[in-house]
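Participant:
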Amino acid sequence: MENKHFLLIALPAQGHINPMFQLGKCLIHAGAGRITFATTAHGLGDGIKPTNDTHRIMAEIERVGSQTLTELLLSLSKEGNPVSYLIYTLLLPWAADVARYMSIPSAFLCIQSTTAFALCYCFFEEDDGVDESDDKRPPGSIEMHGLPLFTSRDIPSFLLPDDPHASTLIPVFQQHIQALKKDSNPCVLLNTSDSLEEEAIRVIMVGFKTKGSVVYVSFGSLAVLQTNQMEKILLGLIGTSRPFLWVIRPSGSDSREFEEKIKDKVNEGVGLIVPWCSQMEVLTHESIGCFMMHCGWNSTVESLATGVPVVGFPQFSDQTTNAKMVEEVWRTGARARVNEDGTLEAEEIERCLEMVMGQRGEEMRRNAKKWKALTLEAVMEGGSSYNNLKAFLERIE
């Protein structure tokens, strides 16, 4: 870390400069090597007339800024102080493109609330704009699970079509999201805390992961795993170096003790632990590449319906039967093997996840897609499930 050189750039506005300065101080205290803060050397002279042409201003900042940032990176490298990492703030999405061109990793510092940024993400990625069609919601609203409905008076104002800055800021935020999606290892630094904006953090964390890269972990609402077993699962997940989303239902002191124990690992960006989530919403997200589960029938059907491959760790009842079907009949996943005392070891978890998500899992992924299509076909008009339900209703008329 001592040899790392961080270059920080921010829009030349006080509300952007201050949080970047604070981040720089935090990096220094955390042991970062060298910090360079770059901003414009040019100010506005007396007599300059004010303007509301934000579109032209942002276009000029991008045109000039891209060139001068490239020149600065080359200059620092020539001086023997090459930049190891670039951090940029809001409204400078082009900085990520410059960094990628120069083969320098970058991170986006979100200086707004995480909830506001998550709403922007939902606006572009999930609803394709503010919702206008759902009769159950007010016009111009956005919904995020676990939070109250955000109506037109609550969402960032520039997302509304009649806002004077919409035509300028909407394309800039689209650029931000596209830049992060282009990155093979995107990084977003959020000016918040886990407890303050947990739901919004979850949206951002899952949203910007590479397609098929995230492991979703949930063992249902009844099974209670011992702390020792949860620790081994955590070690296995971390051992794969894959991001994960793990639902741990509060079940007393053991779960609280475990969550406290692994807080540092989670805060390192390895994964996210939540007490609840909307499972179907998670499974239908393109970033999910594997579902590690107990093989309860509801979860098994949902994995088939969404085309997500499985690592099964059955606990009791029909779960063992379902795991057999997943592995040997439908061939959409692997069943984890426990040791003599019934414990699932970390190494076995790594093996199964690699089998399902690595190159060897290509056939499982193909099978998962096949069963997704067949499941959808069954519930559509004329499908077997559709016809059987109709037959049932006709029988009791």
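Residue numbers (our numbering): 36 to 432.
Positions of the beta carbon are idealized from the N, C-alpha and C atoms, including for glycine.
Who are Ala142's beta bridge partners in DSSP?
Facilitator: Per DSSP, Ile122.
Participant: If we require 3 or more residues per run, which beta strand (DSSP E) segments fall completely within the segment 190–242?
Facilitator: Runs of the beta strand (DSSP E) inside the segment 190–242: 223–225.
Participant: Just to confirm my understanding: we take Phe254, look at its own chain, exclude 5 residues before and 5 after, and list those with CB closer than 6 Å. What are they?
Facilitator: Shown here for Phe254: same chain residues with a beta carbon closer than 6 Å to its own, the five before and five after excluded, namely His329 in chain order.
Participant: CB-CB under 7 Å to Met399, same chain, minus the five flanking residues each way: which ones, in chain order?
Facilitator: Pro344, Arg366, Thr367, Gly368, Val391
Participant: Leaving out five residues before and five after Val238 in sequence, what residues of the same chain have Cβ atoms less than 8 Å from its Cβ?
Facilitator: Excluding sequence neighbours, Val238 sits near Ala153, Tyr156, Cys157, Met179.
Participant: Give the secondary structure of Val305 by DSSP, where H, G and I count as helix, E and B as strand, and everything else as coil.
Facilitator: Under the three-state reduction of DSSP, Val305 is assigned to coil, being neither helix nor strand.
Participant: Are the segment 406–424 and the segment 253–273 touching by the rule of at least three beta carbon pairs closer than 8 Å?
Facilitator: no
Participant: How about Ser248 and Ser338: do their beta carbons lie closer than 8 Å?
Facilitator: The answer is no: Cβ separation not under 8 Å.
Participant: As a quick exercise: from Thr275, Val259, Pro221, Glu295, pick the residue whose alpha carbon is nearest that of Arg284.
Facilitator: Val259
Participant: Could you have a look at Glu167 and say whether DSSP puts it in helix, strand or coil?
Facilitator: Confidence at Glu167 is low in this model, with a pLDDT of 47, below 50, so the placement of that residue should be treated as unreliable; the coordinate-derived value is given next. Three-state DSSP puts Glu167 in coil, outside helix and strand.
Participant: In three-state DSSP terms, what is Arg370?
Facilitator: DSSP, reduced to helix, strand and coil, places Arg370 within a strand of the structure shown.
Participant: Taking the straight line between their C-alpha atoms, what separation do you get for Val252 and Ile177?
Facilitator: 27 Å
Participant: Would you mind giving the Cβ-Cβ distance between Pro128 and Ala214, rounded to the nearest angstrom? I have them listed as a contact below 8 Å.
Facilitator: 5 Å
Participant: When you compare only the Cα positions, how much space is there between Gly335 and Ala371?
Facilitator: The amino acid at residue 335 is misidentified as Gly; the sequence shows Thr. Rounded to the nearest angstrom, the two C-alpha atoms are 15 Å apart.
Participant: Count the other CB atoms within 10 Å of the CB of Gln354; is the residue buried (16 or more) or exposed (fewer)?
Facilitator: buried
Participant: Quick check on Thr319: does DSSP put it in helix, strand or coil?
Facilitator: coil
Participant: Can you give me the Cβ contacts of Lys359 inside the same chain, cut-off strictly under 8 Å, excluding the 5 residues immediately before and after it?
Facilitator: Spatial neighbours of Lys359 in its own chain (CB-CB distance under 8 Å, excluding positions within 5 residues in sequence) are listed in chain order as Arg370.
Participant: Once the 5 residues before and after Glu292 are set aside, which same chain residues still bring their CB inside 8 Å of it?
Facilitator: Thr262
Participant: Please determine, among Met93, Glu316, Ile44, Leu62, the residue with the shortest C-alpha to C-alpha distance to Thr203.
Facilitator: Closest option to Thr203, Cα to Cα, is Met93.
Participant: Cβ atoms of Gly347 and Val364: under 8 Å apart, would you say?
Facilitator: no
Participant: Using alpha carbons as the reference points, say which of Gly242, Tyr120, Leu43 lies closest to Lys60.
Facilitator: Leu43
Participant: Who are the near neighbours of Ala142 in its chain, counting only those whose CB is closer than 6 Å to its CB and skipping five residues on each side?
Facilitator: Ile122, Cys222, Leu224
Participant: Starting from Ala73, follow its DSSP beta bridges and name the residues at the other end.
Facilitator: Paired residue(s): Ile44.
Participant: Under 8 Å between the Cβ atoms of Tyr120 and Lys244?
Facilitator: no
Participant: If you compare alpha carbons, which of Ile96, Gly274, Gly115, Leu318 is closest to Leu125?
Facilitator: Ile96
Participant: Where do the ends of the beta strand (DSSP E) carrying Trp281 lie?
Facilitator: Trp281 -> beta strand (DSSP E) spans 279–282.
Participant: Comparing C-alpha positions only, which one of Asn87, Thr75, Ile70, Gln210 sits nearest to Pro47?
Facilitator: Thr75
Participant: Report yes or no: do three or more beta-carbon pairs, one from the segment 182–195 and one from the segment 111–118, lie closer than 8 Å?
Facilitator: no
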